[in-house]
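Take the sequence shown: its position 236, counted from the start at 1, is 256 in our numbering, and no numbers get skipped.
Here a beta-carbon is modelled for each residue, glycine too, at the ideal position from N, C-alpha and C.
Data block below; observations after.
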Amino acid sequence: MKRLAPGEKPPQFILFSFDGVGVSKNWDLFLRTAAESDARFTALMTGLYFLTDTKKRQYRGPGYKPGEAAIGFGGSKKEVIEEITYLNRTWYDGHEMGTHFVGHFCAGTKNPGKSWTSAEWRHELAQFFRLMTQWRELNGIRTGPDLAFGPEAVKGARTQCLEGSMKALFPALRAYDMMWDSSMPASRPGVYWPSKINGIWEFPVPYVWSPALKQRQTALDYNFWYSVNKATDRPADRARIARVVTSTYDYMLRRAYEGNRAPLVIANHLNTWNTNAFNPATAAFMRRACTKPEVICATHQDVIAWMELQGPAVLKKWRSMAPVAVDAHH
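Next comes the structure, spelled out in structure tokens:
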């Protein structure tokens, strides 16, 4: 890691991240692909997976009864131990750990994240870290490995369904000594450099031109799915979805690499939606992109450290450049 000289181009950073990280064959796929491609990614942990189904009442979300959640808990003791084992593998491979919070309360629930106050976000984070650090005691699990890292490793977040406001969320993140967020709507179309806002670096999921869809699109796997077929599990659409993912990511990379060199945010889940249409295409992009000259597939903490190392004038020049992948021509 070094400071840029005047006139020198930044590396092309790519930030792969995965929301939730429940045990899946796709977790193995990305651990393997990252190792083969010299890539690092961010695992955004869901706190529910630290609790067995029988101990779900140990979690209480803001405005909810104990044990209420919008998605499933961690299953059996064996399944919780398997989750811990995968998290440890990910950590030992050099990847970053973040939080995806706990209850996954989105639009349509009685108290969705978009309505939460700062106190409610702090409550949710307190619940997350309690489950993360006390999972053995809470579940009565005495076998299997300990979790290899602690709360001090968690420096960033993405909220459930990209909900919440900076005004409410950011004070809660600061209270837990966090550095970054990747939840807020992009402030403008295209790929552009992140900003530090009220002490938190914001890495928005980009709203970019998708050549396959011939429209602007939030570059998140679920949003791609919704644009293709309203998020319906339709095997006949698998190849088309893969083309949409591939063409959008390739276009983002080409425009940024040849233009403003802004970090690419590639946001995904490890789910097998639509007969696993998304993850093989994303893994192929990782393999192709991360081995390209001047490309570094890094973590949010890596990119923050790099930005904070740069001379203000040099970084200002690159951050002042126009967004790219805004439309079919730019």
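Relative to proline 171, the option among Leu145, Ser57 and Thr105 whose CA is nearest is Leu145. Of all alpha-carbon atoms in Ala25, Leu167 and Ser215, the one lying nearest the alpha-carbon of phenylalanine 149 is that of Leu167. Between threonine 66 and histidine 120, the C-beta spacing is below 7 Å. Per DSSP, reduced to three states, the secondary structure at cysteine 181 is helical.
For the pair tyrosine 271 and valine 315, the Cα-to-Cα distance works out to about 15 Å. For the pair alanine 177 and serine 138, the CB atoms are not nearer than the 7 Å cut-off. For phenylalanine 305, the CB contacts under 6 Å within the same chain, skipping 5 residues up- and downstream, are Tyr269 in chain order. Each residue's CA atom was taken as its position, placing glutamate 99 and tryptophan 47 some 15 Å apart. Residue state for lysine 216 is assigned as strand, using DSSP reduced to three classes.
Taking a contact as a CB-CB distance under 8 Å, the pair leucine 290 and glycine 40 counts as one, their CB atoms being some 7 Å apart. Cα atoms of asparagine 131 and glycine 123: separation of roughly 11 Å, rounded to the nearest angstrom. Straight across, the Cα-Cα distance linking proline 191 with alanine 256 is about 45 Å. Spatial neighbours of aspartate 58 in its own chain (CB-CB distance under 8 Å, excluding positions within 5 residues in sequence) are listed in chain order as Cys310, Thr311 and Cys317. Within the same chain, Cβ atoms closer than 8 Å to the Cβ of asparagine 243 are found at Gln237, the five residues on either side in sequence being excluded. Contact check for arginine 23 against leucine 240 fails: the beta carbons are separated by 7 Å or more. The beta carbon of glutamate 56 is closer than 8 Å to those of Arg307 in its chain, skipping five residues each way along the sequence. By a beta-carbon distance limit of 8 Å, alanine 348 contacts tryptophan 229. Their separation comes to about 6 Å.
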